[in-house]
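Working notes, structure below.
Residue numbers (the numbering used here): 264 to 873.
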């Protein structure tokens, strides 16, 4: 499967992207080191395809060009080929490189193989037909709750305030609006499954159904480490509880509740991380390939990824980004944590720290807010550590054929991320009591069976749980619609820019109300058709959450093929010129004007996340 050719730089989407970033471009350029001009970088011709694009990942080139000690040692690599795996040229190349040890991931179009770097160099030198489309090393994974040394970065109160004696609802369900969206916690998420790809999920009383049966449909281990514990680290169990925990172990008047967002949802546990938090890209890709094959069998509609890798290339060539984008094409919503790289050790803001696959445009990328331990949202702020946008990966092509990459030959993605915020500071959820986190850090344990952690890892599963609730309410939703609904209804928080909060703070109650207003099967609408059938989006709307009136952010104009104006429209957008949103017509299918002279108060253009 060959990657598509890059569109020209003057494409309409590029105009939209530049317009969206105009207000903050100078700030970003002043802060992000990669934005400064760089010296031309020489690149060996065998690392380029016929069009001058890299077909070897930058971090693999470093290994190929660096010193080696054991010539017989193999390196695990991930290949994408320009031809089918069973094509004779591809099969012969794999046989020479991997001698039958290759693992094919058929649903992702990828192959994992252990290869000697000297053999790879020889094949690259002779690959005149570009059978190798792109190859990357097996990169390490990182969990996005790890900050401050103990898988959590604490700001403000040490834990969420207990619920009042007469209230048994949890902090995360109240403050996200999930308790308004799905007030009957015993049925919230029934019939929907969420795949938690993490360090494993331990069996816990909060993950049982009303008859005492586990709601974890399946445990699968992609690490091969032989650890008998279901969650040897403890990170995945905490994440799973935020999606699906019932809070049953704390039920009763006067006791705090630690319910998750969707307490009746089912889970599929796919372990890709070991007891020390380590894991590899190949294991994650194998888990995603499994989901592609079995999602219908297990009713999976949502994937939660509270982990990631450092981005080394544009999302258009990053194999992890391409994998999750292919799952979105299958109808699955993918939620990923933004990362915890929003500040330096001395407290300075950092921009451009989003981790992969959160750099992919249709993934719902979630940063961490600080609720300050209160259910009302008026005091909520951005955590200092939550990763900020824009995405800073880039695509390189040797346009002039001089054997070097110059700054002018780099096309930065510059996607506006994160998409949303959710509470991520001092969050209490289910604990795997035999895990390394629980055993090594008893100070994190709350009420004997729960644990307090912080980070964007804790924010993402709350969004995943709300996505599951939306699918329960409207099974006909598409991933693009789920993302658009969540972003349009999010609440803007004070003192945080768009590159810090995206559309704003998750508002499950509003997202549910907008989902209810959709026509049947909105994903099948023709371009330009209205999906909300008279439900006016130009009106100021609000929801009551924790006794406060929370306005819809309405920051969104366009997301993933959906346009917001007086109604929600199925769109294929083009912006005419650079005159700005208030003075330019918005065009559907390049012909039908949606709203000439259309203006959105404090509006921001989003074009597929760019």
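In this text, a Cβ means the ideal position worked out from N, Cα and C, and glycines have one as well.
Give the range of the alpha helix (DSSP H) segment to which residue i is assigned.
| i | result |
| --- | --- |
| residue 504 | 498-507 |
| residue 495 | First-last for residue 495: undefined, no H or E at that position. |
| residue 326 | 321-328 |
| residue 387 | 380-389 |
| residue 438 | 434-439 |
| residue 587 | 582-592 |
Classify residue i as helix, strand or coil using the three-state DSSP reduction.
| i | result |
| --- | --- |
| residue 348 | coil |
| residue 653 | coil |
| residue 740 | coil |
| residue 718 | coil |
| residue 815 | coil |
| residue 761 | helix |
| residue 217 | This structure leaves residue 217 out entirely; the chain is present only between 264 and 873. |
| residue 874 | Only positions 264 to 873 of the chain appear in this structure, which leaves residue 874 out of reach. |
| residue 317 | strand |
| residue 842 | For residue 842, the pLDDT reaches just 30, beneath the cut-off of 50, and the residue's location in the model is therefore unreliable, although a value from the coordinates is still provided. Coil, per DSSP. |
| residue 558 | helix |
| residue 528 | coil |
| residue 543 | strand |
| residue 755 | coil |
| residue 659 | strand |
| residue 449 | helix |
| residue 614 | coil |
Measuring straight from C-alpha to C-alpha, what distance separates residue i and residue j?
| i | j | result |
| --- | --- | --- |
| residue 676 | residue 321 | 16 Å |
| residue 579 | residue 585 | 7 Å |
| residue 452 | residue 564 | 11 Å |
| residue 767 | residue 356 | 48 Å |
| residue 750 | residue 397 | 33 Å |
| residue 379 | residue 699 | 35 Å |
| residue 638 | residue 631 | 16 Å |
| residue 720 | residue 502 | 7 Å |
| residue 542 | residue 404 | 5 Å |
| residue 496 | residue 558 | 26 Å |
| residue 468 | residue 508 | 9 Å |
| residue 504 | residue 758 | 30 Å |
| residue 552 | residue 833 | 30 Å |
| residue 392 | residue 536 | 37 Å |
| residue 810 | residue 641 | 11 Å |
| residue 373 | residue 566 | 20 Å |
| residue 470 | residue 781 | 32 Å |
Tell me whether residue i counts as near the ligand MN, meaning its Cβ is closer than 6 Å to at least one heavy atom of that ligand.
| i | result |
| --- | --- |
| residue 637 | The model depicted lacks the ligand MN and carries no ligand whatsoever. |
Out of the options, point me to the one whose CA is closest to residue i's CA.
| i | options | result |
| --- | --- | --- |
| residue 384 | 396, 328 and 405 | 328 |
| residue 480 | 331, 632 and 562 | 562 |
| residue 738 | 659, 618, 595 and 627 | 595 |
| residue 601 | 324, 618 and 460 | 618 |
| residue 458 | 382, 745, 492 and 560 | 560 |
| residue 652 | 392, 763 and 748 | 763 |
| residue 441 | 755, 791 and 727 | 727 |
| residue 658 | 664, 669, 665 and 649 | 669 |
| residue 593 | 808, 576 and 555 | 555 |
| residue 591 | 371, 349 and 525 | 371 |
| residue 686 | 710, 386 and 718 | 718 |
| residue 549 | 339, 789, 375 and 755 | 375 |
| residue 597 | 684, 771, 723 and 511 | 723 |
In or out: residue i buried (at least 16 other Cβ within 10 Å) or exposed?
| i | result |
| --- | --- |
| residue 439 | buried |
| residue 812 | exposed |
| residue 208 | Within the shown structure, residues of the chain are numbered from 264 to 873, placing residue 208 beyond reach of any answer. |
| residue 316 | buried |
| residue 532 | buried |
Which two residues bound the contiguous beta strand (DSSP E) that contains residue i?
| i | result |
| --- | --- |
| residue 398 | 395-400 |
| residue 685 | 683-686 |
| residue 458 | 456-461 |
| residue 564 | 563-568 |
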